[in-house]
Amino acid sequence: MTRGRLAVLVPAVVAGALSLWPGVPALAFDDPRDALRPCTRADLIGTWAMIRLGTAPSVRVDATDPYFYPYQRYAFSADRRMRHLTAQAPVGPEEQRTILSAPATITWSVDDRGRLLTRKTGAAASEVDACQILLAKISDPRSSVPGLPGDVLLTHYGEDGKPVARRLLRKMSGPSE
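With this note's numbering applied, the sequence shown corresponds to residues 313 to 489, in that order.
In structure tokens form, the structure reads like this:
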């Protein structure tokens with residue numbers, strides 16, 4: 313890929329990474345590449361709370377599907393095991409302890425492009441999500457909780473290659489692996 317194509321592609325990717333959250337103000341950067349960077353394995357180790365979920369307008373959201381539950385936790389361990397808890401009500405300390413003590417049914421890794429690869433036990437293939445670290449505060453007028461430096465932006469794509477959902481995750485203090 314030429315340097316010119318890369319200069320056009322990267323700003324488009326950054327703009328696209330935030331496009332599921334309409335109303336997010338323009339970033340105050342001369343170069344949009346300064347706002348996000350690809351995840352590394354070390355970035356993810358620990359326990360994360362989902363603080364925002366955005367879906368593409370074309371996605372039909374089924375409120376009974378745990379994939380879309382408003383409260384989610386991700387626990388990434390150093391030995392590449394992952395636990396994912398979804399809930400319809402806020403997750404308290406007891407649920408937090410439960411997720412950390414439950415047997416892991418998912419393995420995870422981060423590839424050389426910063427994508428999160430997860431595979432459920434028995435699954436034939438990995439699921440792939442774009443994984444980016446926020447390097448600056450990003451505010452959304454629809455949410456009282458801004459994205460902060462260090463937060464993780466996970467983007468899941470459908471079979472057509474278009475974004476389906478984006479999750480903004482924040483690392484939690486307290487019990488983790």
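Where a beta carbon is used, it is the ideal one built from N, C-alpha and C, also for glycine. Predicted model, so just to flag it, every value in this text is computed and none were measured.
Spatial distance of residue i from residue j (CA atoms)
i           : j           : result
residue 358 : residue 351 : 14 Å
residue 376 : residue 467 : 21 Å
residue 381 : residue 399 : 6 Å
residue 479 : residue 365 : 5 Å
residue 469 : residue 409 : 31 Å
residue 367 : residue 374 : 11 Å
residue 481 : residue 389 : 16 Å
residue 392 : residue 363 : 23 Å
residue 369 : residue 360 : 26 Å
residue 453 : residue 417 : 37 Å
residue 333 : residue 455 : Because residue 333 carries a pLDDT of 45, less than 50, the predicted location of this residue cannot be relied on, and the following value inherits that uncertainty. Each residue's alpha carbon lies about 10 Å from the other.
residue 437 : residue 443 : 18 Å
residue 406 : residue 424 : 36 Å
residue 387 : residue 435 : 19 Å
residue 472 : residue 385 : 27 Å
Beta-carbon proximity check, residue i vs residue j, cutoff 8 Å
i           : j           : result
residue 462 : residue 483 : yes
residue 346 : residue 465 : no
residue 403 : residue 477 : no
residue 348 : residue 422 : no
residue 433 : residue 439 : no
residue 428 : residue 411 : no
residue 379 : residue 401 : no
Endpoints, the beta strand (DSSP E) within which residue i is located
i           : result
residue 439 : 439-446
residue 417 : Taken as a continuous stretch (DSSP letters only), residue 417 belongs to no beta strand (DSSP E), as it is neither H nor E.
residue 477 : 475-483
residue 464 : 464-469
residue 428 : 427-432
Cβ-based neighbour list, residue i, same chain, cut-off 8 Å, excluding 5 preceding and 5 following
i           : result
residue 414 : 395
residue 353 : 421, 422
residue 426 : 349, 350, 351, 352, 442, 443, 444
Contact set for residue i: own chain, Cβ-Cβ below 6 Å, skip 5 residues either direction
i           : result
residue 338 : Below a pLDDT of 50, predicted positions are generally treated as unreliable, and residue 338, at 42, falls in that range; no measurement from the model is reported.
residue 474 : none
residue 485 : none
residue 449 : 458, 460
residue 419 : 392, 431
| Complete runs of the beta strand (DSSP E) confined to the segment 347-411 [at least 3 residues] | 348-350, 358-367, 383-388, 393-399
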